[in-house]
Every structure is written in structure tokens, then in C-alpha cells.
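Colleague: Here the sequence shown stands for residues 768 to 1290, numbered as in the working numbering.
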Amino acid sequence: MTEPVVVTSCGHLRGSIEKSVEGFEYYAFKGVPYAKPPIGELRFQDPQPPEAWVGTRDATIFGSPCAQFDQFKQSYVGSDDCLYLNIYVKSITPNLNLPVMMWIHGGAFSFGSGDDELYGPDYLLRKDIVLVTINYRLGVFGFLNLEDEIMPGNQGMKDQVMALRWIQQNIAIYGGDPNNVTLFGESSGAACVHYLALSPMTKGLLHKIICQSGVAINTWASLPNPKQYAYALCKTLGYETNKSEEIVKYLRTIDHFKLVKMQEKLRSIEEKMQLLYPFGPAMDVKSANPFMPIPISEAIQRGLNIPVLLGYNNREGIYSLATLQNAKMRDVDKNFNNYMHPNLLSFLQKNNLTSYNLREIYNCAQLTEQNYSNKLIDLMGDMYISLGCHITIKFLILQNLAPIYFYKFSYDKGLSLTKLMVQTSLKGASHFDEVPYLFYMRYFDTLGIDHLQRGTNSYKVMEQMIEMWTNFAKNGMPTSTISNLISEKWTRVTNPIHLSYMNIDTKLSMNNTINIEQHLCSG
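Printed below as a string of C-alpha cells:
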């Protein structure tokens, strides 16, 4: 292999040759600008097309992530100048028409990046695809929303649209097929994927989606009254006004790390338990070019005319221990409503339920200092992840526009970064636990943790997931044929109440579960 140079719409790019943990070589192009740097007067504005450069641009180093507090490194990293993507492919053969998979990282719309610290391409490139990972604007930088024409929000979502446009213009030179683009993501990244599929801005830009532990209808994925957090941020900084022009002008003068620090101070213990983030996607009907012109509750009812694969892990709520362990049982017990997202309370009210009804259904009516965290885990996982997925599946089935495949990830014999973080050995697969079976994580080296070993059950789970995910990207079906590796045919879900799903564990198996919405409303 020789040093790769390609000619993009903006100029020449020089990439690097890297060797995967699987033993094969691949080409990597890192830190490729897909939009103009959103600095200075462009902070908080919609993304602008990238500018051309002279000569050959080096694409061997990752671009900066958006300014944030890195949850893994426990430090402040990044900058305003963050609109970069990375491309990985085994062979650069123009017009080869390989399936394209674009990954959107999770991180509560406020932290994370697309680099190989967590999202290395080694496993996915076992198959013939082009992998793209992206950075986009997070937190206040990507989601400042004053609910008016001056600052309507969703800048971070429009960044992702710009990345999709870059793929349409350039991916063929890497051998990718611009007419076969699959978006996939996890947690808030999965919610972004779903939003993008629902947005009128992305027509013709994407062709399949995979949502892992997140959808746009999840309570935490849409922000009620977003402008109140912009006002609160200014107040925390010692500047009080409700005039949009003045707010935007003022916030452009504040150092990016200071903005990150101040936005973190906006969240109370209750709001952290509610999974309420001060900056995230919302309706932007007053934008001159809206990303989401109608409420998400209406958009989701229209269904999607592209194949969908979505699911979650069987004990998502283990992640909530990080907050539950910092809350006092007596306060949670007495003021339970204060620990529930406003969108969730609204859902309960519409269905003639109270939070106490919910606690009874989940056997959480009686709490003690010893058991309250563990008892609430499944309630939290269902309310903040599974319920939204089930509601989404229901509407997709009712519209019946395209096939949908549903999964639960239950394998819990490998390493869990989430359990390591919250210091628990509880059984079940928690939030994020499926991701190390799709991506090779250099972060494991930092922790001194072994990577997947050939011949183990964990390695087999990785092989199965890579096979099914890339099959879906190729032809819209996760199990094309039955084999020694894929021993069970993954059938599409067709009943909105009795949901059939692929259980991903040491052994693959098709199972059924009751739609949680139906269970709550009939119980």
C-alpha cells in the first residue's frame, strides 16, 4: 500500500496507512473539514460549507472535538473549531459502490467525539464498507435555542446534515456508494440518527438507520422551554437580559471552556436523575431553514420509508446508578415527581397514571436505604430508553412503509465500561455495553484492559454484531443467510403490541416482549 492521496471537492487530502488489530491494513483520513470552522461570528450560527485549500492537506491527525468536559478523561478538551470527520476504508477504488456507514457518537448532546479513542474501525472494516465518524457541535455551541428567528436552535443537528452532504459529494472517491448510506449511533447519537431520518432537510441523503439505545421520542431527547436555559446560563455568568441579540452577542465573547463549566452548573441533582440536559434538540419552526419544523411527537407518527434497525440493552438503567448513588433515598421517596423528566410526567398524565402508579408497577413503592437504587434501575431503563423505542416501533409498524428490525443486547460476560464507572457487578447489559463489540477502543489500553480475544464468547458476539450490522447496511436485512456464525434468522417486527426481537447474547435467539406503552396503559 502506498501513501493515499485523494481529490475532494475542496482539494487534495493525504491520509495514512494503518494496521488493524485484525491484521489487515486500511486507509485512514482523519480531521477532514466538512464545514467552515464555526468560530468568531459563526459561533451559534448554522454551519457554512467548507472552504477550499491550496496544496495537499494533511489528514493523518484527528480534528478537535467540540469544547466539552470529557467524562472519561475527567478534563476539559476541545474548541469551537470542531466540524471534522474521519473516513476509513480498506481499498480506495473510486466508484466501487461500497455501503457507507456514518457513525454519530453519544454523550448526552454534550460530550464525546468520533475519534478512535472509543470508535476505532478495526472490527467494522472486516467487511467491505466505508466507515465515516464525525464530530459536531455539542451543548450550548450546538443547541443554543432562544425560540425565535435570531437563535432558533439545532445548529448541532444541521452540522450532521452538512456531514451527510459532504458524503454525497465526496464518498465515491473512496469507493463508497452515495446512494447507500446507513446512519448509526448510540444513546444521544441514536436519537440524532432518528431526528435526521425524520427531518425534511435530509431527503435523499440517507437510506437506512440503526438506533442503539436511543430515539428522538425519548423523554431526554427533546427539550421543553429551551430558552429558559439560555437565560439561566447568562445569569450564572453574571449577565441578565431576555433580549436575544444581546444574549448571542454576549455569549460569543465568553471563552469556550468557561461556557462548558457554566452550563454544567445549570443542572440540579433532580435534573441529573431526570436525564434533563440544558441544551439539546428542539422544534425550530422559526428558523429560516428549519431542521424540525413540527413537534417530534407529530413527526414520529408519520413513520419512515427507509429500513430501520433499533434496540437497546436489557438493563439500560444500571447507568442511572451514577446519579442514584448521589441522591438521598428519603428525598427520592418523598419527592419522586421531582426526579422525573417533565416529558415523562406529561406522558403519564395523558395516560391517567401517576408516578406512584409507576412505582407500584415496578415494585418500587417501598424503598429502603439498602435497596432503593437497585429497585429503581429497571424503572429508569424502561422509562428513559425502552419506552421511547417501543412507541417508535408502534408508529413504524402502523405506517408500514418499510421493514423494521428490533433487538435486545443481553450479553454481560465481557467488560462493561458503565459498570466500571458506577462500580457495580449487577447482572445484565447496561447502557453503552454493546458498543465495544462494534468498535475497537484504544481507551482500553489507557485502562490496562485486554481487548477481545479470538476464540472467546465475547469475540463471537463481536463477529455476530459486525455481520448483522453490515448486512443491514448492504441490503437492509441483518441476516441474509443462516450460517455457523448467524444461526437464527432475524425476522422483522410486525405486531405493535407483541414485539418480536433478536436477543443478542452468547447464543442468538428470536423472542417476544410486550410493548411497554401497552403494558403501562393496561396495568
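Where is the CB? At the ideal position from N, CA and C, for every residue including glycine.
CB Gly1148 to CB Gly1078, shorter than 8 Å?
Modeller: Stepping through the sequence shown from its first residue, residue 1148 is reached at position 381. Stepping through the sequence shown from its first residue, residue 1078 is reached at position 311. Cβ distance not < 8 Å, so Gly1148 and Gly1078 don't count as in contact.
Colleague: Just mark Asp1179 as buried or exposed, buried being the case when its beta carbon has 16 or more other beta carbons within 10 Å.
Modeller: For the purposes of this step, residue 1179 is taken as the residue at position 412 of the sequence shown. Label assigned to Asp1179: buried.
Colleague: Which residues in the same chain have their Cβ closer than 8 Å to the Cβ of Ile828, if we skip the five residues on either side of it in sequence?
Modeller: As a first step, residue 828 is located in the sequence shown; it is residue number 61 there, counting from the start. Here the set comprises Lys797 and Gly798.
Colleague: I'd like to check one pair, Ser1140 with Leu1091: are the Cβ atoms closer than 8 Å?
Modeller: As a working mapping, residue 1091 is identified with position 324 in the sequence shown. As a working mapping, residue 1140 is identified with position 373 in the sequence shown. Contact flag set, yes.
Colleague: Rounded to the nearest angstrom, how far is the Cβ of Ser846 from that of Ser858, given a contact under 8 Å?
Modeller: As a working note, residue 846 is residue 79 in the sequence shown. As a working note, residue 858 is residue 91 in the sequence shown. At roughly 34 Å, the Cβ-Cβ gap does not stay under 8 Å, so Ser846 and Ser858 are not in contact.
Colleague: Using DSSP's beta-bridge definition, name the partner residues of Cys979.
Modeller: By one-based count along the sequence shown, residue 979 stands at place 212. Reading the sequence as shown, one finds Gln at residue 979 and not Cys. Note: Gln979 sits in a beta bridge opposite Glu953 and Gly1078.
Colleague: Is there contact here, the region 1222 to 1236 with the region 1113 to 1133, by at least three beta-carbon pairs under 8 Å?
Modeller: They do not touch, by the three-pair rule.
Colleague: Given a threshold of 16 other Cβ atoms within 10 Å of its Cβ, counted over all protein chains shown, does Val948 qualify as buried or as exposed?
Modeller: The residue you call residue 948 lines up with position 181 of the sequence shown. Classification of Val948: buried, given that the 10 Å Cβ count is 16 or more.
Colleague: Less than 8 Å between the beta carbons of Ala795 and Tyr851, yes or no?
Modeller: Numbered from its first residue, the sequence shown carries residue 795 at position 28. Numbered from its first residue, the sequence shown carries residue 851 at position 84. Contact flag unset, no.
Colleague: Which same chain residues end up closer than 8 Å to Thr860 when comparing Cβ atoms and leaving out the 5 residues on each side of it in sequence?
Modeller: Residue mapping note: residue 860 aligns to position 93 of the sequence shown, counting from 1. The answer, listed in chain order, is Gly942.
Colleague: In whole angstroms, give me the CA-to-CA distance for Cys1297 and His1023.
Modeller: Residue 1297 is absent from the model: the chain starts at 768 and stops at 1290.
Colleague: For a quick check, are the C-beta atoms of Asn1080 and Ser1197 less than 8 Å apart?
Modeller: Against the sequence shown, residue 1080 aligns to sequence position 313. Against the sequence shown, residue 1197 aligns to sequence position 430. Result yes, Cβ atoms of Asn1080 and Ser1197 sit closer than 8 Å.
Colleague: On the three-pair Cβ rule with 8 Å, is the region 1199 to 1207 touching the region 880 to 892?
Modeller: Short answer: they touch.
Colleague: State yes or no: is the C-beta of Gly956 nearer than 7 Å to some heavy atom of the ligand SAM?
Modeller: This structure lacks the ligand SAM; in fact it carries no ligand of any kind.
Colleague: Which residue comes first and which comes last in the beta strand (DSSP E) that contains Pro866?
Modeller: Against the sequence shown, residue 866 aligns to sequence position 99. Here the beta strand (DSSP E) through Pro866 covers Leu865 to Ile871.
Colleague: Between the beta-carbon of Phe951 and the beta-carbon of Met868, is there less than 8 Å?
Modeller: Locating residue 951 in the sequence shown gives position 184, counting from the first residue. Locating residue 868 in the sequence shown gives position 101, counting from the first residue. Yes, they are a contact pair.
Colleague: Would you tell me roughly how many angstroms separate the C-alpha atoms of Pro1263 and Asn1282, rounded to the nearest one?
Modeller: Counting from 1 along the sequence shown, the entry for residue 1263 is found at position 496. Counting from 1 along the sequence shown, the entry for residue 1282 is found at position 515. Approximately 7 Å, taken between the alpha carbons.
Colleague: I need the DSSP call for Arg824, collapsed to helix, strand or coil.
Modeller: For the purposes of this step, residue 824 is identified with residue 57 of the sequence shown, where counting begins at 1. If DSSP states are grouped into helix, strand and coil, Arg824 belongs with the strands.
Colleague: For the alpha helix (DSSP H) that contains Ile1126, what are its first and last residues?
Modeller: For this step, residue 1126 is matched to residue 359 along the sequence shown. With the sequence shown as reference, residue 1126 is identified as Arg, and Ile is not the correct amino acid for it. First-last of the alpha helix (DSSP H) with Arg1126: Ser1122 to Ile1128.
Colleague: Determine the direct distance from the alpha carbon of Ala939 to that of Glu914, and round the result to whole angstroms.
Modeller: Against the sequence shown, residue 914 aligns to sequence position 147. Against the sequence shown, residue 939 aligns to sequence position 172. Each residue's alpha carbon lies about 38 Å from the other.
Colleague: Under a Cβ-count criterion, where at least 16 other Cβ atoms within 10 Å of its own Cβ denotes burial, should His1265 be classed as buried or exposed?
Modeller: In the sequence shown, the residue the question calls residue 1265 occupies position 498. It counts as exposed.
Colleague: Only counting the same chain, and skipping five residues up and downstream in sequence, which positions put a Cβ closer than 7 Å to that of Tyr1226?
Modeller: On the sequence shown, position 459 is the one that residue 1226 refers to. Within the same chain, Tyr1226 has close Cβ partners Leu1219 and Gln1220.
Colleague: For my contact list, Phe1173 and Ser1267 are in at a C-beta cut-off of 8 Å; report their separation, rounded to the angstrom.
Modeller: Numbered from 1 along the sequence shown, position 406 holds the residue referred to as residue 1173. Numbered from 1 along the sequence shown, position 500 holds the residue referred to as residue 1267. Between Ser1267 and Phe1173 the Cβ distance is about 7 Å, and since that is below 8 Å, they are a contact.
Colleague: Hey, out of Val773, Leu891 and Pro1048, whose CA is closest to Ile1233's CA?
Modeller: If you number the sequence shown from 1, residue 1233 lands on position 466. Closest option to Ile1233, Cα to Cα, is Leu891.
Colleague: Apply the 10 Å Cβ neighbour rule to Ile1164 and answer buried if 16 or more other Cβ atoms are within range, or exposed otherwise.
Modeller: To locate residue 1164, count along the sequence shown from 1; it is residue 397. Burial call: buried.
Colleague: Looking at the strands, I want to know which residues DSSP matches up with Thr837.
Modeller: Along the sequence shown, one-based indexing puts residue 837 at 70. The sequence as given places Asp at residue 837; Thr does not occur at that position. Asp837 pairs with Ser842.
Colleague: I'd like the ranges of any beta strand (DSSP E) spanning at least 3 consecutive residues and lying wholly in the region 853 to 916.
Modeller: Listed in chain order, the complete beta strand (DSSP E) runs (minimum 3 residues) inside the region 853 to 916 are 865 to 871 and 897 to 901.
Colleague: Take every Cβ of the region 1059 to 1079, pair it with every Cβ of the region 1005 to 1019, and state whether three or more of those distances are shorter than 8 Å.
Modeller: No, they do not touch.
Colleague: Looking at the structure shown, is Thr1191 part of a helix, part of a strand, or coil, going by DSSP?
Modeller: Indexing the sequence shown from 1 puts residue 1191 at position 424. Thr1191 falls in the coil class under three-state DSSP.
Colleague: Is Glu1012 buried or exposed, if buried means 16 or more other CB atoms sit within 10 Å of its CB?
Modeller: Taking the sequence shown and counting its residues from 1, one reaches residue 1012 at position 245. Exposed: under 16 other Cβ atoms inside 10 Å.
Colleague: Throw me the rounded Cβ distance for the Gln927 and Cys959 pair, which I believe falls under 8 Å.
Modeller: Here residue 927 corresponds to residue number 160 of the sequence shown, with the count starting at 1. Here residue 959 corresponds to residue number 192 of the sequence shown, with the count starting at 1. About 6 Å; that satisfies the 8 Å criterion.
Colleague: Ile1216: buried (16+ other C-beta within 10 angstroms of its C-beta) or exposed?
Modeller: For the purposes of this step, residue 1216 is identified with residue 449 of the sequence shown, where counting begins at 1. With fewer than 16 other Cβ atoms within 10 Å, it is exposed.
Colleague: Quick one: what's got a C-beta closer than 7 Å to Ile1036's C-beta in the same chain, skipping five residues either side?
Modeller: On the sequence shown, residue 1036 is found 269 positions in, with the first residue counted as 1. Closer than 7 Å at Cβ, skipping near neighbours: Asn1093 and Ala1094.
Colleague: Do Arg1069 and Phe1103 have their C-beta atoms within less than 8 Å of each other?
Modeller: Position 302 of the sequence shown holds residue 1069. Position 336 of the sequence shown holds residue 1103. For Arg1069 and Phe1103, no; Cβs fall outside 8 Å.
Colleague: Less than 8 Å separating the beta-carbons of Ala964 and Leu973?
Modeller: Residue numbering aside, residue 964 sits at position 197 when the sequence shown is read from its first letter. Residue numbering aside, residue 973 sits at position 206 when the sequence shown is read from its first letter. In this structure, Leu973 lies closer than 8 Å to Ala964 by Cβ.
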